[in-house]
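Please read the structure below before turning to the comments.
In our numbering, the protein residues as written are 237 to 468.
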């Protein structure tokens, strides 16, 4: 195995300034903000961005004293969906860069990242995008929008949560952390989903701590990237 080893924490990015992107209820955003407020000197969560004007995450962010910007997707006025998507991402990039954001946390953000946004947060030296997503399954199983329902419908005995770097393809980026949870006898889909949310709330803040402390390495085997964490 050929290995390229880089400690993020020793790089010149320095102080980490995060923006959270969310489209819905905002429970992960809430837990990330609460966790940050315990140690605000180590990094910052500059703002929350949502594409959904009626998303509950707006109120949650405001209650915790974090600015929330609503940047809706606008299909009108563009001849193609691709043009509308590009416009939307350009507006998001402009907003987060005005707040000196250098990392993005996708916490229930329901839009697929396009090239404009990923390019802006690409780290050429690492070959990674500084964009991190939470996905409700043990990737690579059950990719896509509602992985937890697909896992439940399939009848799995265990599912889990994955935190990973974001790349061009959906739910394919290098995995940072995973944690499994059991399907219990008598579980409804809501029971199963709630148990998954609890795991998300546990491990997503842990991953942020790893990023901030630089306690992970990117390793290469050919063109395949792996993340190795150094958890104490």
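All C-beta atoms, glycine included, are put in the ideal place defined by N, C-alpha and C.
Give the straight-line distance between the Cα atoms of residue i and residue j, rounded to the nearest whole angstrom.
i, j, result
"residue 432", "residue 448", "24 Å"
"residue 242", "residue 454", "Note that residue 242 scores a pLDDT of 42, beneath 50, so its modelled location is shaky; the value from the coordinates is reported in the next line. Answer to the nearest angstrom: the Cα atoms are 6 Å apart."
"residue 282", "residue 464", "27 Å"
"residue 303", "residue 271", "16 Å"
"residue 333", "residue 342", "16 Å"
"residue 344", "residue 403", "16 Å"
"residue 415", "residue 321", "33 Å"
"residue 443", "residue 268", "10 Å"
"residue 245", "residue 424", "Note on residue 245: pLDDT 40, under 50, position unreliable in the model; the coordinate value appears next. Roughly 42 Å between the two C-alpha positions."
"residue 457", "residue 410", "12 Å"
"residue 421", "residue 434", "18 Å"
"residue 356", "residue 417", "35 Å"
"residue 426", "residue 437", "16 Å"
"residue 250", "residue 280", "12 Å"
"residue 324", "residue 406", "18 Å"
"residue 389", "residue 375", "16 Å"
"residue 296", "residue 290", "12 Å"
"residue 430", "residue 379", "19 Å"
"residue 439", "residue 459", "27 Å"
"residue 254", "residue 348", "19 Å"
"residue 445", "residue 401", "15 Å"
"residue 336", "residue 419", "42 Å"
Figure out for me which residue from the options has the closest Cα to the Cα of residue i.
i, options, result
"residue 306", "295, 413, 460, 288", "288"
"residue 256", "458, 441, 418, 451", "441"
"residue 340", "290, 293, 284", "284"
"residue 451", "429, 265, 466", "466"
"residue 294", "371, 388, 311, 265", "265"
"residue 386", "428, 405, 406, 368", "428"
"residue 350", "445, 461, 317", "317"
"residue 408", "461, 254, 352, 446", "461"
"residue 352", "336, 419, 319", "319"
Write down the C-beta distance between residue i and residue j rounded to the nearest angstrom, noting that I regard them as a contact closer than 8 Å.
i, j, result
"residue 384", "residue 373", "6 Å"
"residue 399", "residue 412", "5 Å"
"residue 365", "residue 252", "Between residue 252 and residue 365 the Cβ distance is about 15 Å, and since that is not below 8 Å, they are no contact."
"residue 292", "residue 262", "5 Å"
"residue 286", "residue 259", "6 Å"
"residue 381", "residue 346", "7 Å"
"residue 367", "residue 354", "6 Å"
- Task: Would you mind listing the alpha helix (DSSP H) stretches within the segment 370-454 that are 4+ residues and don't spill past its ends, in chain order?
- Result: Complete alpha helix (DSSP H) runs here, min 4: 383-390, 425-449.
- Of all the alpha helix (DSSP H) runs that stay within the bounds of the segment 297-344, which reach a length of 4 or more residues? 317-334
- For the segment 295-302 and the segment 317-330, state whether three or more C-beta atom pairs, one from each stretch, are separated by less than 8 Å. no
- Task: Pair every Cβ in the segment 377-396 with every Cβ in the segment 354-361, then say whether three or more of these pairs are closer than 8 Å.
- Result: no
- Are the segment 262-276 and the segment 306-320 in contact at 8 Å, needing three or more beta carbon pairs? no
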